[in-house]
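Let me begin by presenting the structure, written as structure tokens, before commenting on it.
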Amino acid sequence: MKIRKAMAVAVIALTPGIALAQSATVEGARDGAAAGHAIGGPVGGAVGGTVGAAVGTAIDIPAAVISSVTGLPGPSVVVKERVVVGEPLPSYVEVRPVPSHVEYHYAVVNDRRVIVEPRTRRVIRVIE
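Reading the sequence shown from the start, the letters are residues -21 to -1, 1 to 107 in mature numbering (1 follows the signal peptide of the UniProt record, and there is no 0).
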């Protein structure tokens, strides 16, 4: 019961911030909610959305990085696991630095480009 109350307070406290969010926050909330719902049902979806929004707020990627990644080459690697923001890519996926923005790396996974944090290999943006 305490966990549900804590989750409800977290969702209510962060809702106004989500309403004013930028695109990275909205995508983080959407991806987090989907992953949370798959694992923990409706309550997991609410918590996942909140956490995903927080991750999206913390990592707002410059538009120049996103536009340059869409034109970069790379063979697509098939990954059976879900590729979602906040989760690391499997070790067999090759990640490459984004030219002129070496603080970001990218990979082509399941025919979609993803931007990753190079040190942890965690996905920070999925380019649709």
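By construction, the Cβ of each residue, glycine as well, lies at the ideal position given by its N, Cα and C atoms.
Model, not experiment: these values are computed from the prediction.
Using a Cβ-Cβ distance under 9 Å, would residue i count as near chain C?
i	result
VAL58	In summary, chain C is missing from the structure at hand, where a single protein chain is found.
Shortest alpha-carbon distance to residue i belongs to which of the options?
i	options	result
GLY50	ASP90, GLU60, VAL63	ASP90
VAL87	THR99, PRO69, ASP39	PRO69
VAL56	ARG104, VAL93, THR99	VAL93
GLU60	GLY53, TYR71, SER79	TYR71
PRO54	ARG75, ILE18, SER79	ARG75
ARG9	ILE40, PRO52, ILE45, GLY65	GLY65
Taking the C-alpha atoms as reference points, what is the distance between residue i and residue j?
i	j	result
VAL63	ALA14	8 Å
VAL77	SER47	8 Å
VAL81	VAL58	24 Å
ALA43	HIS84	13 Å
VAL105	PRO21	24 Å
THR99	PRO67	7 Å
GLU73	ARG101	13 Å
PRO52	GLU107	16 Å
GLY11	GLU96	17 Å
ALA37	ILE45	Annotation note: pLDDT 49 at ALA37 (below 50); position unreliable, coordinate value reported separately. Roughly 16 Å between the two C-alpha positions.
Which whole-angstrom value is the C-beta distance of residue i and residue j, which I expect to be below 8 Å?
i	j	result
ILE103	ILE18	Their Cβ separation, rounded to whole angstroms, is 20 Å, which puts ILE103 and ILE18 out of contact at 8 Å.
Identify whether residue i lies in helix, strand or coil by the three-state DSSP scheme.
i	result
PRO76	strand
GLY9	This sequence places Arg at residue 9; Gly is not what is there. The answer is helix: DSSP assigns ARG9 an H, G or I state.
PRO21	helix
message: My parser needs the alpha helix (DSSP H) runs of 4 or more residues fully inside the segment 33 to 65; what are they?
response: 42 to 49
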